[in-house]
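Peer 1:
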Amino acid sequence: MSDFETRISQIAQVIGQLEDSQVPRNIRNSARDAVQKWLLNKDKEMDLRLGMTASSLDEIFNDANLPIHYGPLCLQIQTALEALLSEIKHG
């Protein structure tokens with residue numbers, strides 16, 4: 269497994285932390301969709317996978333129903349996704 273795929277797998281695990289009963293169902297579903305449809309979908313180009321996952325996380329972060337203590341988690345994930353995307357574009 270490449271370094272990128274390892275890091276993507278780690279990010280997917282972190283996103284999995286949103287699978288918490290404190291998190292509203294629509295947000296859990298959005299997080300799950302972001303991981304399954306985009307982040308881990310090897311049929312898509314890497315930049316599209318990362319960009320669409322970041323976009324989904326942005327929507328989750330801006331959802332008024334997101335428990336406040338999950339906000340920093342979403343920002344950390346987005347930072348990691350942006351770093352990977354930057355590496356791909358400049359690598």
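Offset between the sequence shown (1-based) and this note's numbering: plus 268. By construction, the Cβ of each residue, glycine as well, lies at the ideal position given by its N, Cα and C atoms.
1. Whole angstroms is fine: what's the gap from I295's alpha carbon to P335's?
2. Let me know the secondary structure DSSP gives D271 once reduced to three states.
3. What's the C-alpha gap between K290 and I356?
4. Can you tell me which of Q304, F272, A299 puts its alpha carbon nearest to the alpha carbon of D326?
5. For T321, count neighbouring C-beta atoms within 10 Å of its own C-beta (all shown protein chains included) and say buried if the count is 16 or more, exposed if not.
Peer 2: With the structure as the only source:
1. If I take the Cα positions, the gap works out to 10 Å.
2. helix
3. As written in the sequence, residue 290 is Gln, which differs from the Lys given in the question. Their Cα atoms are separated by approximately 35 Å.
4. In this structure, A299 is the residue among Q304, F272, A299 with its C-alpha nearest to the C-alpha of D326.
5. Buried, since its Cβ has 16 or more Cβ neighbours within 10 Å.
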